[in-house]
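Chains as they are written, first to last, in our numbering: chain B, 1 to 191; chain R, 192 to 382. Here the structure is laid out as structure tokens; the discussion comes afterwards.
2 protein chains.
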Amino acid sequence: MARTANPDTPAGRKILEVAGVLFYERGIGAVGVDLIADEAGTTKKTLYDRFGSKDALVAAYLKRREQRWEEFLDEWMRAHHPESGLDRVLAVLDAEEAWWAGSRRGCAFVNAHAELGESDHPGREVLREGKLRARAKFVALLAESGVADAETLGARLHMVYEGAMVNLTVGGMSDAFDEARETIRVLVGER
Amino acid sequence: MARTANPDTPAGRKILEVAGVLFYERGIGAVGVDLIADEAGTTKKTLYDRFGSKDALVAAYLKRREQRWEEFLDEWMRAHHPESGLDRVLAVLDAEEAWWAGSRRGCAFVNAHAELGESDHPGREVLREGKLRARAKFVALLAESGVADAETLGARLHMVYEGAMVNLTVGGMSDAFDEARETIRVLVGER
DNA sequence: AAGTAACCATACCGGTCGGTATACTCGCAG
DNA sequence: CTGCGAGTATACCGACCGGTATGGTTACTT
Chain B
1 MARTANPDTP
11 AGRKILEVAG
21 VLFYERGIGA
31 VGVDLIADEA
41 GTTKKTLYDR
51 FGSKDALVAA
61 YLKRREQRWE
71 EFLDEWMRAH
81 HPESGLDRVL
91 AVLDAEEAWW
101 AGSRRGCAFV
111 NAHAELGESD
121 HPGREVLREG
131 KLRARAKFVA
141 LLAESGVADA
151 ETLGARLHMV
161 YEGAMVNLTV
171 GGMSDAFDEA
181 RETIRVLVGE
191 R
Chain R
192 MARTANPDTP
202 AGRKILEVAG
212 VLFYERGIGA
222 VGVDLIADEA
232 GTTKKTLYDR
242 FGSKDALVAA
252 YLKRREQRWE
262 EFLDEWMRAH
272 HPESGLDRVL
282 AVLDAEEAWW
292 AGSRRGCAFV
302 NAHAELGESD
312 HPGREVLREG
322 KLRARAKFVA
332 LLAESGVADA
342 ETLGARLHMV
352 YEGAMVNLTV
362 GGMSDAFDEA
372 RETIRVLVGE
382 R
């Protein structure tokens, strides 16, 4: 008797894939489990057999989203192989712009935070971890390039990066990422 | 026959006040009109007589929130009367920290954007305008102090400010505002 | 041959959602 | 005294919500 079901089956993967699109595009609360099951060509029964609850599916969606973004970023870095510390940081912004590709929905984690709030939802910890990992990525890129005080500078650059996302999506400022890149140039001290 | 009712009545004001707390604290989708009516000591009938629909009430909530924040900020400025351009900008961050006062729910506009998405909701324009006004505030504070290129610098500082909100609330980074103030000092060029 | 994991199909549950309907009271202005 | 705007109280509506129940079909394993 499997107390915690294994979601890694063909139907389970399809459900997670469909949920990934629907949750992000329409919001977590706005998408019902019936719709996800239908859209995935399966049934609610199977969804609950694989994931146990909607909350667990949401948590799986967030984890998967984080994982997919990191894979995307790694591949972007491999394809564009920026060399200087500054270029490597700026490449993260380029990758993020490409990652969204026109969607105005913004950061999935910020959106999820708005819907999950201060509850004890299993997905909440994923959000916090995701932002900490994003910050750590900036710090690591700077440290690899031998930048002094990478910790402090990385935190500042990450903050600019997060602000650009908000300004682009909520504020509709289409040049937010250009501004962010310029701001980062200033903070890194390029002249 | 009033096609668009006037919400500015005792019951209407009470409903808007209660909705302001509930929508922010629990999220727009998570709060039903029945709850708002109950909590306001009135009835759903009155709510619909005043506002016409939940969407309209949400839009009114967002407008009111924007207005209250600007009043709060003005009063904060009057009470603390910072003088230098830098101090005036930093005071906005101080005010924002005081404005939240411990809540981890984050920016009401960012949260609303997550729930309203790309629909044609009447509240969406309020969000975009709100962020533009926030940016304009930074620009104005710098321009008043005779800073050169206030437009560019103001946009950058505003971006840092928005990033700090995200990192504090979603990332749980409790020192986000301290980092933002330091980053702003660097960008303004204080030494 | 028996067991089991994975899956599909359908029906059902209690609860909540946004929104409407009906009918009544009160205070005030013409 | 009549009309009306503002308000209360309650009942109702169809739709949808997350979650469960029942039952049957494959296919692979032991």
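Positions of the beta carbon are idealized from the N, C-alpha and C atoms, including for glycine.
Closest by CA to residue i, which one among the options?
i	options	result
His271/R	Leu323/R, Asp366/R, Ala282/R, Gly314/R	Ala282/R
Thr360/R	Leu35/B, Val31/B, Arg124/B, Gly20/B	Arg124/B
Tyr352/R	Ile375/R, Ser365/R, Arg259/R	Ile375/R
Glu66/B	Ala108/B, Leu16/B, Met77/B, Leu187/B	Ala108/B
Ala114/B	Arg204/R, Gly211/R, Gly363/R, Ile219/R	Ile219/R
Asp74/B	Lys63/B, Leu62/B, Arg88/B	Arg88/B
Glu151/B	Ala164/B, Gly41/B, Met165/B, Arg135/B	Arg135/B
Ala251/R	Leu378/R, Thr237/R, Gly203/R, Gly308/R	Gly203/R
Phe214/R	Arg255/R, Gly293/R, Thr200/R, Arg319/R	Arg255/R
Lys322/R	Glu261/R, Ala210/R, Arg269/R	Glu261/R
Gly102/B	Thr43/B, Ala37/B, Ala112/B, Asp175/B	Asp175/B
Pro129/B	Asp285/R, Ala331/R, Leu307/R, Asn358/R	According to the sequence as given, residue 129/B is Glu; it is not Pro. It is Asn358/R.
Using a Cβ-Cβ cut-off of 7 Å (strictly less than) and excluding sequence neighbours within five positions of residue i, which residues of its own chain qualify?
i	result
Asp49/B	Ala5
Glu216/R	Arg296
Met192/R	For Met192/R, the pLDDT reaches just 39, beneath the cut-off of 50, and the residue's location in the model is therefore unreliable, although a value from the coordinates is still provided. Contacts found: none.
Lys245/R	Val224
Arg194/R	Note that Arg194/R has pLDDT 45, beneath the 50 cutoff, so the model's placement of it is unreliable and no number is given.
Glu118/B	none
Trp290/R	Trp260, Phe263
Ala112/B	Ile28, Leu62, Gly123, Leu127
Gly211/R	Tyr252, Arg255, Arg256
Val377/R	none
Thr42/B	Ala11, Lys14, Ile15
Lys44/B	Val33, Asp34, Ala37
Leu307/R	Gly314, Arg315
Asp311/R	none
Near residue i, which residues of its chain fall below 6 Å by C-beta distance, leaving aside the five closest residues on each side in sequence?
i	result
Phe138/B	Gly154, Leu157, His158
Val188/B	Leu86
Phe51/B	Pro7, Leu57
Thr46/B	Ala11
Pro82/B	Arg88, Ala91
Trp76/B	Ala95
Ala140/B	none
Arg78/B	none
Glu97/B	Phe177
Ser84/B	none
Pop quiz: residue i and residue j are said to be a contact at Cβ under 8 Å. What is the actual Cβ separation, rounded to whole angstroms?
i	j	result
Gly301/R	Val110/B	Just to set this straight, residue 301/R is Val in the shown sequence, not Gly. The Cβ separation is near 6 Å, so the contact holds.
Gly163/B	Gly363/R	Not confirmed; about 17 Å, so no contact.
Leu62/B	Leu127/B	7 Å
Which same chain residues, not among the five before or five after residue i, have their C-beta less than 8 Å away from its C-beta?
i	result
Glu230/R	Val209, Leu213
Pro313/R	Asp246, Ala247, Val249, Ala250
Thr200/R	Arg241
Leu93/B	Tyr161, Ala164, Phe177, Ala180, Arg181, Ile184
Arg324/R	Glu257, Glu261
Asp149/B	none
What do you reckon, is the C-beta of residue i under 7 Å from a heavy atom of the ligand MN?
i	result
Gly297/R	Summarising the ligand content, the structure contains no ligands, and the ligand MN is consequently not present.
*Cβ pair count under 8 Å reaching 3, the stretch 177 to 185 of chain B against the stretch 339 to 349 of chain R*: They touch, by the three-pair rule.
*Inspect the CB distances between the stretch 133 to 146 of chain B and the stretch 332 to 344 of chain R and report whether three or more fall short of 8 Å.*
no
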